[in-house]
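Presented below is the structure to which this report refers.
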Amino acid sequence: MDRDQGGSLVNVTMTVNGAEVAADVEDRTLLVHFLREAAGLTATNVGCDTTSCGACTVLLDGESVKSCTVLAAQADGHDVVTAEGLAMRGAGEAGGGELHPVQRAFRREHGLQCGFCTPGMVLASVSLLQENPQPTEAQVRMGLEGNLCRCTGYHNIVRAVLAAAAELAAEPGEPGEPDAAALAAGPAEVAP
Ligand code: FES
Ligand code: FES
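Rendered as structure tokens:
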């Protein structure tokens, strides 16, 4: 069934990873589909479509939300950060962006296996560390309980979040949240 048939069209404009994205979409279009299809950002995955798995987690005005539970129209005029946006600060890998400390920790601690849950898991972790910069292991496990990893790689995921917390604490200049101003400015210049 084509989900894009049967509703009325609305114009939706939002800031995604610092860039304005506008599209006419069905009023029932979910934010996750807007991000994947209108914005062309496919790191945000659909795992269940029923608010169960967290694979679709993004930051909406800095708060983690499951984008399969939010209408695109509800995000009209708001600010969204996806996994692609976390890697837009600075020079280096990932298409010109430096990985966010949480992304680096996931890679270093092997906090991923197939990677399907990873973008949502990373964004949920960023949000968790914004709210609680020095969580205990139990608090990390509780904070990520809305994000499922089908590979059951939770041990390394929790270790990665704790490692990221330690790294962020050691680098007070490195924010635990995406820098909205930096994101708005786009990728930084690469030094010659
Ligand atoms: S796809 Fe949104 S929670 Fe699973
Ligand atoms: S790494 Fe495969 S689902 Fe989590």
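Take the sequence shown: its position 65, counted from the start at 1, is 65 in our numbering, and no numbers get skipped. Every residue, glycine too, gets a C-beta built ideally from N, C-alpha and C. Values in this document were obtained by computation on a predicted structure and should not be read as measured data.
Check: Range covered by the alpha helix (DSSP H) that runs through A83; Outcome: 83-86
Check: Assigned exposure category for G62 - 16 Cβ within 10 Å defines buried; Outcome: exposed
Check: Short Cβ contact (8 Å threshold) for T69 with N147; Outcome: no
Check: Integer Cβ distance of A43 from E84, believed to fall under 8 Å; Outcome: 5 Å
Check: Residue range of the unbroken alpha helix (DSSP H) whose run includes T13; Outcome: Where T13 is concerned, there is no enclosing alpha helix (DSSP H), although the beta strand (DSSP E) it sits in stretches over 9-16.
Check: Among C149, E167, C151, N156, the one whose alpha carbon lies nearest that of E137; Outcome: N156
Check: Three-state secondary structure assigned by DSSP to A60; Outcome: Per the sequence presented here, residue 60 reads as Leu, with Ala not at that position. Note: L60 maps to strand in three-state DSSP.
Check: Reduced DSSP category for A43 - H, G, I as helix; E, B as strand; rest coil; Outcome: coil
Check: For E20, the first and last residue of its enclosing beta strand (DSSP E); Outcome: 19-26
Check: Coarse secondary structure for L35, derived from DSSP in three states; Outcome: helix
Check: Closer than 7 Å: Q113 CB and nearest ligand 2 heavy atom; Outcome: yes
Check: Rounded separation between M14 and S127 - CA only; Outcome: 20 Å
Check: Span separating the alpha-carbon of A165 from that of L129; Outcome: 7 Å
Check: Stretch pair the region 70-80 + the region 115-122: three plus CB contacts closer than 8 Å; Outcome: no
Check: Quiz: which residues have CB nearer than 6 Å to ligand 1 non-hydrogen atoms; Outcome: V46, G47, C48, D49, T51, S52, C53, G54, A55, C56, K66, C68
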